[in-house]
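S.K.: Input: one structure, supplied below.
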Amino acid sequence: MPKNAIVIGAGIVGLSTARALAEQGWQVTVYERSETAKGASIRNFGMIWPIGQKSGKQYERAMRTKSIWKQICQETGYWIEESGSLHLAKSEEEKVTMQELGEIFSKERPVHWISPVQIAQLSDAPRQDNLYGGLWSADEAIVESRLIIRDLPTYLQERYSIKFLFQHAITNVGTGFVHINNKRIDADLIFICNGADFETLYPAIFKKYFIKCKLQMMRLVEQPAKWRMGPSICGGLSLAHYKSFEIAPSLSLLKERLYEKYPDYFDYGIHVMVSQNHLGQLTIGDSHEYGDSIEPFDKSIVNELVLNYLKDLVNFRDWSVIQTWNGEYAKLSNGGTEFFYEAEPNVWIMNGFGGAGMTLALGTVEECCQQF
Ligand SMILES: Cc1cc2nc3c(=O)[nH]c(=O)nc-3n(C[C@H](O)[C@H](O)[C@H](O)COP(=O)(O)OP(=O)(O)OC[C@H]3O[C@@H](n4cnc5c(N)ncnc54)[C@H](O)[C@@H]3O)c2cc1C
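So, in structure tokens, the structure goes:
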């Protein structure tokens with residue numbers, strides 16, 4: 003008889019955990035409080051973003067995650083685009099740092115510095131004025147997260163016989179059981195994968211290890227005449243955001259320059275990225291507000307700053323904003339990259355991927371679940 007496991011939450015971490023446990027032979031049931039997942043996993047760019055991951059274990063996990071995404075998309079026909087990514091240099095300092103990164107990364111990844119002419123061959127989105135060149139990476143891919151997170155349960159049910167119970171909010175957890183109000187459900191193993199909401203089940207653990215992070219996002223209208231951007235695009239501000247770029251010797255100097263030039267952007271934790279979905283719509287963000295400074299209200303100034311920065315960087319065909327929203331994730335206060343924690347015997351919390359759940363969860367969780 004296979005043993006029973008319960009997974010709480012049907013975001014990307016819950017879905018990754020359910021898949022990994024089923025691969026290990028567990029009989030898995032996923033409980034999701036909403037009618038479909040509505041958390042961070044449907045609010046993101048859909049970027050699978052290895053370039054943001056440090057070399058070594060994290061990069062390998064990102065690449066394993068990407069290969070699982072590709073396999074799922076091959077089996078199901080879900081949309082995925084291996085778009086690659088392009089960081090554009092708009093100053094001499096950004097150029098120096100990106101050239102260093104191109105040199106270092108090219109030893110182990112399909113990443114290198116390219117000229118403005120080579121950029122124009124990849125995409126006609128980047129503005130050529132003051133363009134010094136860019137950092138090209140072939141590793142990145144895009145999925146349409148709001149569709150794929152909605153549809154993955156059907157795939158997992160058919161492929162692994164995983165059972166999904168939506169509109170079932172878990173109200174209490176202990177070794178060997180979960181509660182839905184007064185109803186007790188028994189299980190041999192329980193995984194808590196409910197994103198930023200795990201503070202309601204384990205408030206003390208949340209407070210000890212995590213802070214919340216809120217991001218603001220926008221979507222632009224489907225671009226006319228089926229125009230495609232090509233690679234996902236970022237600017238120099240992203241160099242200050244991802245830890246993987248810290249290997250560049252000139253980064254600290256660049257950060258000083260960026261801070262002098264863009265103080266408002268640093269105040270709101272803004273770096274600017276854009277991806278394009280299967281419909282031709284553009285997903286744009288983002289800002290980062292942390293902990294107690296998080297307000298429930300979105301700030302129009304943040305969206306203005308993001309759009310202003312982007313207008314310097316690229317030419318789109320239509321800049322009409324059709325949606326704005328925000329999302330929250332739980333971020334490890336010590337800067338860690340995953341939280342795989344036994345809260346009580348056989349009750350595990352799987353969290354802590356921060357801004358990289360789409361990039362890391364499938365591969366990392368598969369690795370963590372090998373012990374069960
Ligand atoms: C705006 C934004 C942009 C991002 N962009 C990217 C990106 O492009 N690439 C990338 O790799 N990462 C990105 N991230 C990070 C990524 O989205 C997160 O790391 C990931 O979605 C976290 O997944 P999760 O399953 O832990 O949480 P969630 O997606 O929040 O899922 C948790 C689920 O648990 C359910 N739940 C909560 N409480 C209960 C309960 N008591 N009982 C039952 N169910 C419950 C919720 O309804 C929810 O569906 C972004 C995040 C945000 C917010």
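In terms of the numbering used here, the sequence shown opens at residue 3 and continues consecutively. Using N, Cα and C, we set each Cβ at its ideal position, and we do this for glycine too. Source: prediction; values computed, not measured.
(1) Could you check what DSSP says for residue 274 in three-state terms: helix, strand or coil?
(2) Rounded to the nearest angstrom, how far is the Cβ of residue 204 from that of residue 334, given a contact under 8 angstroms?
(3) Note down, in chain order, each residue of its chain lying with its Cβ closer than 7 angstroms to the Cβ of residue 150, except the 5 sequence neighbours on either side.
(4) Figure out for me which residue from 252, 250 and 242 has the closest Cα to the Cα of residue 260.
(5) Going by DSSP in three states, residue 92 sits in which element: helix, strand or coil?
(6) Would you report the Cα separation of residue 256 and residue 98, rounded to the nearest angstrom?
(7) Using a threshold of 7 angstroms, state whether the C-beta atoms of residue 362 and residue 70 are closer than that.
(8) So, at 7 angstroms on beta carbons, what are the nonlocal neighbours of residue 213 in its own chain, with the 5 sequence-adjacent residues on each side left out?
(9) First and last residue of the beta strand (DSSP E) that includes residue 185?
(10) Assuming residue 218 contacts residue 289 (C-beta within less than 8 angstroms), just tell me the rounded distance between them.
(11) Tell me whether residue 64 is buried or exposed, calling it buried when 16 or more other Cβ atoms sit within 10 Å of its Cβ.
(12) Any contact between the region 308-316 and the region 269-281? By contact I mean 3 or more CB pairs, one from each, below 8 angstroms.
(13) Tell me the DSSP bridge mates of residue 114?
(14) Counting only runs of 4+ residues fully inside the region 165-227, write out the alpha helix (DSSP H) ranges in chain order.
(15) Please return the same chain residues whose Cβ sits closer than 7 angstroms to the Cβ of residue 20, not counting the five positions on each side in sequence.
(16) Using a threshold of 7 angstroms, state whether the C-beta atoms of residue 216 and residue 94 are closer than that.
(17) Give me the residue from 62, 101, 244 and 47 with the minimum Cα distance to residue 252.
(18) Could you tell me whether any non-hydrogen atom of ligand 1 is closer than 6 angstroms to the CB of residue 260?
(19) Take residue 140 and list the residues in its own chain whose beta-carbon comes closer than 7 angstroms to its own, dropping the five residues that flank it on each side.
(20) Between residue 240 and residue 277, is the Cβ-Cβ spacing less than 7 angstroms?
(21) Could you give the uninterrupted runs of the beta strand (DSSP E) lying entirely in the region 29-71, keeping only those of 3 residues or more?
(22) Pull up the distance between the alpha-carbon of residue 110 and that of residue 51, whole angstroms please.
(23) Between which two residues does the alpha helix (DSSP H) harbouring residue 370 extend?
(24) Decide if residue 206 is buried, meaning its Cβ has at least 16 other Cβ atoms within 10 Å, or exposed.
(25) Please determine whether the Cβ atom of residue 274 lies at a distance below 6 angstroms from any heavy atom of ligand 1.
(26) Return helix, strand or coil for residue 279, following the three-state DSSP convention.
(27) Which class does residue 301 belong to by DSSP, given the choice of helix, strand or coil?
(28) Going straight from the alpha carbon of residue 48 to that of residue 166, what length do you get?
(29) Whose CA, out of 83, 59, 40 and 6, lies closest to the CA of residue 282?
(30) Which class does residue 265 belong to by DSSP, given the choice of helix, strand or coil?
(31) Under a three-way DSSP split, which group does residue 18 fall into?
(32) For residue 46, I'd like the list of residues in its chain whose CB is within less than 7 angstroms of its CB, leaving aside the five on either flank, ordered along the chain.
(33) So if DSSP puts residue 330 in a beta bridge, which residue, or which two residues, is it bridged to?
(34) Which value, in whole angstroms, describes the spacing of the CA atoms of residue 127 and residue 76?
M.R.: Checking against the coordinates, here is how it stands:
(1) Mapped onto the sequence shown, residue 274 falls at position 272. Three-state result, residue 274: coil.
(2) Translated into the one-based positions of the sequence shown, residue 204 becomes position 202. Translated into the one-based positions of the sequence shown, residue 334 becomes position 332. Actually they are not in contact, since the Cβ atoms of residue 204 and residue 334 sit about 14 angstroms apart, beyond 8 angstroms.
(3) Stepping through the sequence shown from its first residue, residue 150 is reached at position 148. So the list reads 80, once near-sequence residues are dropped.
(4) Within the sequence shown, the letter at position 258 stands for residue 260. Closest by alpha carbon: 242.
(5) Counted from its first residue, the sequence shown places residue 92 at position 90. Coil, per DSSP.
(6) Residue 256 sits at position 254 when you count from the first residue of the sequence shown. Residue 98 sits at position 96 when you count from the first residue of the sequence shown. If you take the alpha carbons of residue 256 and residue 98, they lie about 9 angstroms apart.
(7) Indexing the sequence shown from 1 puts residue 362 at position 360. Indexing the sequence shown from 1 puts residue 70 at position 68. Cβ atoms of residue 362 and residue 70: not closer than 7 angstroms.
(8) Taking the first residue of the sequence shown as position 1, residue 213 is located at position 211. Hits under 7 angstroms: 292, 293, 333 and 335.
(9) Start at 1 with the first residue of the sequence shown, and residue 185 comes out as number 183. Start and end: 185-188.
(10) Here residue 218 refers to the residue found at position 216 of the sequence shown. Here residue 289 refers to the residue found at position 287 of the sequence shown. Contact flag correct, Cβ pair sits at about 5 angstroms.
(11) Here residue 64 corresponds to residue number 62 of the sequence shown, with the count starting at 1. That one is buried.
(12) yes
(13) Translated into the one-based positions of the sequence shown, residue 114 becomes position 112. In the DSSP output, where bridge partners are listed per residue, residue 114 has 138.
(14) 200-203 and 205-211
(15) The residue given as residue 20 occupies position 18 in the sequence shown. Result list for residue 20: 9, 30, 32, 158 and 164, in chain order.
(16) In the sequence shown, residue 216 corresponds to position 214, counting from 1. In the sequence shown, residue 94 corresponds to position 92, counting from 1. No, they are not a contact pair.
(17) Taking the first residue of the sequence shown as 1, we reach residue 252 at position 250. That would be 101, whose Cα lies nearest to the Cα of residue 252.
(18) The residue labelled residue 260 in the question sits at position 258 within the sequence shown. Outside the cutoff, so no.
(19) In the sequence shown, counting from the first residue as 1, residue 140 sits at position 138. Only 86 and 112 meet the Cβ criterion.
(20) By one-based count along the sequence shown, residue 240 stands at place 238. By one-based count along the sequence shown, residue 277 stands at place 275. Against a cut-off of 7 angstroms, the Cβ pair of residue 277 and residue 240 comes out as no contact.
(21) 29-34
(22) Within the sequence shown, the letter at position 108 stands for residue 110. Within the sequence shown, the letter at position 49 stands for residue 51. About 16 angstroms.
(23) To locate residue 370, count along the sequence shown from 1; it is residue 368. Segment 359-370, the alpha helix (DSSP H) holding residue 370.
(24) Numbered from 1 along the sequence shown, position 204 holds the residue referred to as residue 206. Residue 206 comes out exposed.
(25) For this step, residue 274 is matched to residue 272 along the sequence shown. No - ligand 1 has no heavy atom lying nearer than 6 angstroms to the Cβ of residue 274.
(26) Position 277 of the sequence shown holds residue 279. Residue 279 falls in the coil class under three-state DSSP.
(27) As a first step, residue 301 is located in the sequence shown; it is residue number 299 there, counting from the start. Looking at residue 301 - three-state DSSP - the assignment turns out to be coil, as it is neither helix nor strand.
(28) Within the sequence shown, numbered from 1, the residue matching residue 48 stands at position 46. Within the sequence shown, numbered from 1, the residue matching residue 166 stands at position 164. The alpha-carbon atoms of residue 48 and residue 166 are separated by roughly 23 angstroms.
(29) For the purposes of this step, residue 282 is taken as residue 280 along the sequence shown, with counting starting at 1. Residue 282 has its Cα closest to that of 83, out of 83, 59, 40 and 6.
(30) On the sequence shown, position 263 is the one that residue 265 refers to. Helix.
(31) The sequence position of residue 18 within the sequence shown is 16, counting from 1. In the structure shown, residue 18 sits in a helix (DSSP, three-state: H, G or I).
(32) Counting from 1 along the sequence shown, the entry for residue 46 is found at position 44. So the qualifying residues of the chain are 147, 329 and 360.
(33) Along the sequence shown, one-based indexing puts residue 330 at 328. Residue 330 is bridged to 216.
(34) Counted from its first residue, the sequence shown places residue 127 at position 125. Counted from its first residue, the sequence shown places residue 76 at position 74. Each residue's Cα considered, the two are about 29 angstroms apart.
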